[in-house]
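Undergrad:
In mature numbering (1 follows the signal peptide of the UniProt record, and there is no 0), the protein residues as written are -19 to -1, 1 to 971.
1) I need the straight-line Cα distance from residue 485 to residue 587, nearest angstrom please.
2) Going by DSSP in three states, residue 1029 sits in which element: helix, strand or coil?
3) In three-state DSSP terms, what is residue 798?
4) Helix, strand or coil for residue 396 per DSSP?
5) Below 8 Å, how does it come out for the region 57 to 64 and the region 158 to 172: are there three or more Cβ pairs, yes or no?
6) In angstroms, rounded to a whole number, what distance separates the CA positions of residue 144 and residue 62?
7) When the Cα of residue 471 is compared with those of 96, 324, 425 and 491, which residue comes out closest?
8) Note down, in chain order, each residue of its chain lying with its Cβ closer than 7 Å to the Cβ of residue 404, except the 5 sequence neighbours on either side.
9) Using 8 Å for Cβ pairs, my map puts residue 188 next to residue 237. What's the rounded Cβ distance?
10) Where residue 768 and residue 914 are concerned, what is the direct C-alpha to C-alpha distance, given to the nearest angstrom?
11) Mind checking residue 114: buried by the 16 CB within 10 Å criterion, or exposed?
12) Relative to the C-alpha of residue 9, which candidate in 507, 178 and 734 has its C-alpha closest?
13) Assess contact between the region 674 to 691 and the region 736 to 750, defined as three or more Cβ pairs (one per stretch) separated by less than 8 Å. Is contact present?
14) Go through its chain and collect everything with a Cβ distance to residue 271's Cβ below 7 Å, but skip five positions before and after it.
15) For residue 849, which residues in the same chain have their Cβ closer than 6 Å to its Cβ, ignoring the five residues on either side in sequence?
16) With C-beta atoms as the reference, is residue 792 less than 8 Å away from residue 781?
17) Hey, residue 668 and residue 719 are a contact pair by Cβ (cut 8 Å); roughly how many whole angstroms apart?
18) Return the CA-CA distance between residue 133 and residue 87, expressed in angstroms with no decimal places.
19) Check residue 666 in the structure and name its three-state DSSP category.
20) Over what stretch of residues does the alpha helix (DSSP H) that includes residue 972 continue unbroken?
21) Whether or not the region 152 to 161 and the region 63 to 82 are in contact is what I'm after, with contact meaning three or more pairs of Cβ atoms, one per stretch, closer than 8 Å; do they touch?
22) Residue 798 and residue 834: beta carbons closer than 8 Å?
23) What does the Cβ neighbour count give for residue 954, buried or exposed, with the cut at 16 atoms within 10 Å?
24) Look at the alpha carbon of residue 627 and the alpha carbon of residue 592, and state the distance between them as a whole number of angstroms.
25) Between the region 380 to 394 and the region 315 to 330, do three or more beta carbon pairs fall short of 8 Å?
26) Assuming residue 186 contacts residue 207 (C-beta within less than 8 Å), just tell me the rounded distance between them.
27) Out of curiosity, what's the CA-to-CA distance linking residue 235 and residue 92?
28) Check the C-beta distance from residue 388 over to residue 413 and give it rounded, since I have them as a contact under 8 Å.
29) To the nearest angstrom, report how far apart residue 534 and residue 483 are at their CA atoms.
30) When DSSP builds the beta bridges, which residues end up paired with residue 55?
31) Give every residue of the same chain whose Cβ lies closer than 8 Å to the Cβ of residue 103, excluding the five residues on either side of it in the sequence, and list them in chain order.
32) Give the secondary structure of residue 727 by DSSP, where H, G and I count as helix, E and B as strand, and everything else as coil.
33) In whole angstroms, what separates the C-alpha of residue 806 from that of residue 837?
34) Would you mind reading off the limits of the beta strand (DSSP E) that contains residue 103?
35) Whole angstroms are fine: how far does the CA of residue 840 sit from the CA of residue 863?
36) Report back the beta-carbon spacing between residue 183 and residue 15 to the nearest angstrom; my notes put them in contact at under 8 Å.
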């Protein structure tokens, strides 16, 4: 410290001053610590600020500016930077690092010493010409800068440096460049470094798409939508998009690119598959190793080719192993009895690597020979294979209708999906069968004795003396045109039969065989006979008979129905009367207090056959003369909404809102209009909008409800941004949760819970309203309403309700989480300017709304629990209400903001108890007013109790002059006053 001529400070710099890791989302426009030459900054007056340049150990210049004219009054010293190009910036940030001397540590200083300095800026499109006169009026003020830490004479002696860092936002900047200016009004300051930068979202790769550097909008509340470009060897599935936030952070990734065929994702890029691997489909899967018996020799292979002797079927996927035809069936054997020939075999020893093996039976009949060569020909077409001869999946087959005393050769072929693709020999097993051992046919010629339109009489004789007595005969027949696709059979003990149930003018094929004690014999040869033609006269008579019969029957049925209706008419009237009486009794029971459970039960107006009856039972009729309409305050779906007074004789006038039904309505519109009244009339809760009554017996038809002075919650908050404490906002949420708990306990779902449907009265009490989209839930607590049409409020609706139309109390809990977010953001639109489709996609991909500015971590954690994807994992409304009550009782849990923590606990119940404020400094830090610590301490305010009684005049008296800062501090004091009251009521001591 020197005292000659002027007051100065020797600045001791630490290495940490120059160490700045930087961030990737910043673009630095100026950093005095990196400037190698002179800064050429101007001072006004010349003897005000001193520029000092020293060299560090690496021979790098350290530029500092200092001023310390604390002994002289009325200081006005200016330091101006050089011209700074803004580049792409729309808003810039100035980071100041400085030291400041504590005035109390300087002897002989009266009121001339200050502990703040001012920051200004001037925008220009070109640098100012040399010699331009410096005019302070040209510069716009950014802020007054105060130090969090000041140093003393002792600190200088101990070589301890108390370095302050302050960041201020400048803008919007619209010119090509700007100047910064620093005004000293009598402080002892050393300006160590100045860094000017703007924020951007840096270029990045997301979901195989490249996104360029992007500068946020000037409006800090809006997001910049950026479309990405797929990386090389990738293709677009859904348009890749990111949103650039005001802080230079990328938000809400949507869409994606996938690697093309022959390429796989690796380190954010698409790399070619290596030899020996392949990828046949575009997607983010890895390359697959070539399946067995196949290979690839080049990079980026899309398929592996089969080795020699192996094949793929047309329907085989490229991921399947290559296979080959099977070997021949094994152990083929035959078995013959009196009725059938059986072939059996075992599967091939080599299936070729496939499971789709089937068998084909090929037949030849070899009855003669020429020389040494056996003469064979295809088997007769009458030969039948059971179940079939081709495409068998089993390993056996039965053969009937074969000829006796014949030689058959059967070939059994095994095939699979690749049989026939190569040049391999067919996989056959052979067996020769002689049918001499089959029983002889005992039936001779079959004759037709007579025929009608629907029957044929047959008889036959025996050709041989049977070896044993004949038990009976079996006659098999089928239509010749059907080619044995289906057949019928009948039995008879005599050598004759009458076959009935046939069609007129149709040719039939007949076979007959005998059954003896030894079994069935062979079938006789085929015999073909036809039924008689249809007689037209008889057919006409039949049609007349059908018509007459139908007419008589119809008349009889009509007489019976008439008598039935006459008899049951009175019964129905009696039953309806009984049902109506019972319904009224049930409704009165539900509308009153239930003696056992104490919970009212909601009755759906849609279940009434006459909706007017629901209105009569749940809504009170009001005499129109009692209603005084004062003014129109809005328009609803069905007509105008007015405010007015309800003047019932013997009661005080009350303010009401009146919904009117416009003229020219249809009956259905009237029912829909009054439906909401029949719903509201069943509710009695301080946080549900109260129905005063309806006017239905005169025009206009009206619904009268209590008047809510502050209107809808969303618009109410938007016009009062930042005017409430966190505890007041939590109180609003609590009121909404009280109303929703009441509705859910009645088994009722709202479907359209949003801040726009919450009304606020003059005492800030929030009440649930707008029941136009609501539906009843069944007794089952897990039941959900299924939407059948209409618009769904996407931004407030749970994903299962959007995807499947399933609404439940759990989906209302999701909507309540969105309402919480609206409250904490003062009515901001959920998901900002994102389209509804983008909202659906982002939620499905796991994105959830971030915490609004200044949101306590406990509240955001509760929102996240309300937004659990699985509805069963969301809290119930009574759990939400209980948790909000705990926060109000212990307001210290609201002090930690989301930006101050790194991670969240798993559930609201796991939240720690955050400590109460323990000092004035802690309190001022929490409201970003730490620059006024010394003002409070110097004025003697050292405890929370001491500031709880401060007024706006007290705030001004201790030297806080900025109106915005005054309002923030006094609002926080009011909140503290309420918090202290709750704490004392709970038995805590501060």
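All C-beta atoms in this analysis are idealised placements derived from N, C-alpha and C, irrespective of residue type, glycine included. Quick caveat, the model's predicted, so the values are computed rather than measured.
TA: If we stick to the structure as given:
1) 60 Å
2) The requested residue 1029 is not part of the displayed model; the chain covers only -19 to 971.
3) helix
4) strand
5) yes
6) 21 Å
7) 491
8) none
9) 4 Å
10) Below a pLDDT of 50, predicted positions are generally treated as unreliable, and residue 768, at 43, falls in that range; the measurement from the model is reported next regardless. Taking the straight line joining both Cα atoms gives about 58 Å.
11) exposed
12) 178
13) yes
14) 257, 258, 259, 277 and 285
15) 855
16) yes
17) 4 Å
18) 8 Å
19) coil
20) Examination of residue 972 is not possible in this model, given that the chain is present from -19 through 971 alone.
21) yes
22) no
23) buried
24) 26 Å
25) yes
26) Residue 186 to residue 207, Cβ: 13 Å. No contact.
27) 60 Å
28) 6 Å
29) For residue 534, the predicted model reports a pLDDT of 49, less than 50, meaning its position is unreliable; a value from the coordinates is still stated below. Roughly 29 Å between the two C-alpha positions.
30) Its beta-bridge partners do not exist; DSSP assigns none.
31) 119, 120, 121, 159, 160 and 162
32) coil
33) 12 Å
34) 97 to 105
35) 13 Å
36) In fact, because the Cβ distance is near 20 Å, the residues do not count as touching under 8 Å.
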